[in-house]
Amino acid sequence: MDENKIPLLVVAGPTASGKTALAVELAKLYNGEVVSADSMQIYKGMSIATAKPTKEEMQGVPHHLIDFLDRGTPFSVADYVSLAGGKIREVTDRGRLPIVVGGTGLYISSLVENIIFDDTGSDPDIRARLENEAKELGNHALWLKLKETDPETADKVHENNLPRVIRALEVYEMTGVRLSQHKINSRRQENPYKACMIGLTASDREYLYDRINRRVDIMAENGLVQECREVWQQGGLATAGQAIGYKELIPYFENLCTLDECIEKIKQETRHYAKRQLTWFRRVADISWVEIDKFDDLKKIIENVQNIVAKSEIMCYNKTEPLLSQGQRS
């Protein structure tokens, strides 16, 4: 391993798969700090719906890029890569191991692959025209337009992810260069990271879905409805409020559905989201998968991950001696 490479231990996977608990234990074992890769946990005042780790769950392990941004403030993947990169360097400079943890695949992939985002900027006129096209012709029609101009990007973007579809078309119209080509060009800069990527999954999808359902029930017991009502009343649904658990409760607040119906909708949408997360991460190369239902025990999962880490090159990140777990330090 290049001694100048920055080591990363990455824990990725779908919601409710146990990433937080695993990351905390790994941080204690490997003298690490957690750098979050969750696009909703960045926002302040949205703790329950976004499943932010509590102080008790953190167990004294430093966590970065959580609960630092005001609701409604735009935050791009480029912003994330820049901020996360800075935090990773700070953690490394302290002689500790950065542990990137989260379920936002675009954040993790862009960070680990060291994608350098173009400075193309934006054109409000082009964007407004494309948004109007989507309203008049539908998302699918706009996605087909992207498919014609940049099929590689279209294959990776769902037609209902309208902001990304519009951005890809906007970049092409402004520069004459496909967004996929911009990304290829961005990867030509040497990657400063060496990552060991752990992916959590379940061989039995129903096992994961049951965990999701139970998590939503616990969220409801812990005050999810009140938290969401406050965000809704403050008009905070424009950006951050799009997190699952917020918009699904609006029909209840407007007396259009019962609370039970809305809670079931949250569970359904969360299950769909988990499926999309798994689909994304399965396209990422070099992930070592750990089936949580095979072990159903955090201690055994940790032991399995330790075996994977032991075989990886990140154990050599300390230039003078291998990184040792707390149990190995005496």
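Residues in the sequence shown are numbered consecutively from 0, following numbering that gives the first Met the number 0.
C-beta atoms are modelled at their ideal positions from N, C-alpha and C, and glycine is treated no differently.
Tell me, which residues are paired with residue i by DSSP?
| i | result |
| --- | --- |
| Cys261 | Answer is none; Cys261 lacks a bridge partner. |
| Met196 | Val9, Ile286 |
| Ile107 | DSSP lists no partner for Ile107. |
| Pro97 | Glu32 |
| Leu129 | DSSP, once it has assigned bridges, lists no residue as partnering Leu129. |
| Leu68 | Tyr42 |
| Val62 | Residue 62 is actually His in this sequence, not Val. In DSSP, His62 forms a bridge with Val33. |
For the alpha helix (DSSP H) that contains residue i, what are its first and last residues?
| i | result |
| --- | --- |
| Ala309 | 297–309 |
| Val164 | 161–174 |
| Val230 | 223–232 |
| Phe74 | Careful: Phe74 lies outside any alpha helix (DSSP H) and carries neither H nor E. |
| Ile217 | 204–220 |
| Asn138 | 138–148 |
| Met57 | 54–57 |
| Ile249 | 249–252 |
| Lys51 | No alpha helix (DSSP H) holds Lys51; DSSP gives it neither H nor E. |
| Asp292 | 291–294 |
By how many angstroms is the C-alpha of residue j removed from the C-alpha of residue i?
| i | j | result |
| --- | --- | --- |
| Leu199 | Arg228 | 32 angstroms |
| His157 | Arg128 | 20 angstroms |
| Leu21 | Ile286 | 16 angstroms |
| Tyr316 | Pro73 | Bear in mind that the predicted position of Tyr316 carries a pLDDT of just 47, short of 50, making it unreliable; the figure below should be weighed with that in mind. Taking the straight line joining both Cα atoms gives about 35 angstroms. |
| Thr49 | His63 | 15 angstroms |
| Leu255 | Leu96 | 49 angstroms |
| Thr174 | Thr91 | 37 angstroms |
| Asn159 | Asn138 | 6 angstroms |
| Arg166 | Glu172 | 10 angstroms |
| Asp154 | Thr148 | 12 angstroms |
| Glu132 | Val176 | 21 angstroms |
| Gln58 | Val23 | 7 angstroms |
| Val9 | Ser75 | 20 angstroms |
| Lys274 | Gly85 | 31 angstroms |
| Lys318 | Pro52 | Because the pLDDT of Lys318 is 37, which lies under 50, any placement of that residue in the model is unreliable, and the question is left without a value. |
| Ala140 | Asp122 | 21 angstroms |
| Glu268 | Cys261 | 10 angstroms |
| Val331 | Phe67 | No answer is possible for residue 331: it lies beyond the span of the chain, which begins at 0 and ends at 329. |
| Lys54 | Trp279 | 30 angstroms |
| Gly12 | Pro150 | 27 angstroms |
| Leu168 | Val60 | 42 angstroms |
| Val164 | Gln232 | 30 angstroms |
| Leu369 | Val99 | Given a span of 0 to 329 for the chain in the structure shown, any question on residue 369 remains unanswerable. |
| Leu82 | Asp209 | 34 angstroms |
| Ile243 | Ile65 | 17 angstroms |
| Glu312 | Asp124 | 48 angstroms |
| Ile336 | Leu145 | Examination of residue 336 is not possible in this model, given that the chain is present from 0 through 329 alone. |
| Phe252 | Leu258 | 9 angstroms |
| Lys134 | Glu302 | 51 angstroms |
| Pro250 | Glu89 | 44 angstroms |
| Trp142 | Gly101 | 28 angstroms |
| Gln180 | Val170 | 11 angstroms |
| Glu56 | Met314 | 26 angstroms |
| Gly234 | Glu130 | 22 angstroms |
When the Cα of residue i is compared with those of the options, which residue comes out closest?
| i | options | result |
| --- | --- | --- |
| Glu189 | Lys27, Gln180, Val111 | Val111 |
| Gly222 | Pro150, Ala273, His181, Tyr245 | Tyr245 |
| Val283 | Tyr79, Ala194, Asp203 | Ala194 |
| Gln276 | Leu82, Ala15, Lys4, Leu136 | Ala15 |
| Arg214 | Ser108, Arg270, Leu145 | Arg270 |
| Ile265 | Ala219, Glu226, Asn306 | Ala219 |
| Leu161 | Gln180, Arg126, Lys43, Glu268 | Arg126 |
| Gln241 | Gly102, Thr53, Tyr42 | Tyr42 |
| Ser108 | Gly94, Val80, Leu297 | Val80 |
| Leu7 | Val34, Lys27, Leu28 | Val34 |
| Gln305 | Tyr29, Thr19, Ile211 | Tyr29 |
| Phe294 | Leu168, Asp203, Lys146 | Asp203 |
| Leu336 | Thr19, Ile5, Pro13 | Since the displayed the chain opens at 0 and closes at 329, residue 336 lies outside it and no answer follows. |
| Tyr106 | Gly31, Asp78, Pro250 | Asp78 |
| Thr103 | His181, Ala201, Ala36 | Ala36 |
| Arg281 | Glu130, Lys134, Met196 | Met196 |
| Gly94 | Glu32, Lys134, Glu130, Leu143 | Glu32 |
| Asn212 | Val170, Trp142, Gly234, Tyr272 | Tyr272 |
Quick one: measure Cβ to Cβ for residue i and residue j, integer angstroms, because I've assumed they're closer than 8 angstroms.
| i | j | result |
| --- | --- | --- |
| Met45 | Arg70 | 7 angstroms |
| Ile300 | Val289 | 6 angstroms |
| Thr152 | Leu178 | 5 angstroms |
| Leu248 | Val224 | 6 angstroms |
| Gly17 | Ile217 | With a Cβ gap of about 14 angstroms, Gly17 and Ile217 do not count as contacting. |
| Tyr192 | Lys4 | 6 angstroms |
| Ile47 | Glu263 | That pair is no contact at about 18 angstroms. |
| Lys27 | Ile114 | Actually they are not in contact, since the Cβ atoms of Lys27 and Ile114 sit about 31 angstroms apart, beyond 8 angstroms. |
Given the structure, does residue i come close to the ligand PLP, in the sense that its CB is under 7 angstroms from one of the ligand's heavy atoms?
| i | result |
| --- | --- |
| Gly175 | Judged by which ligands are present, the structure shown has none, so any question about the ligand PLP falls away. |
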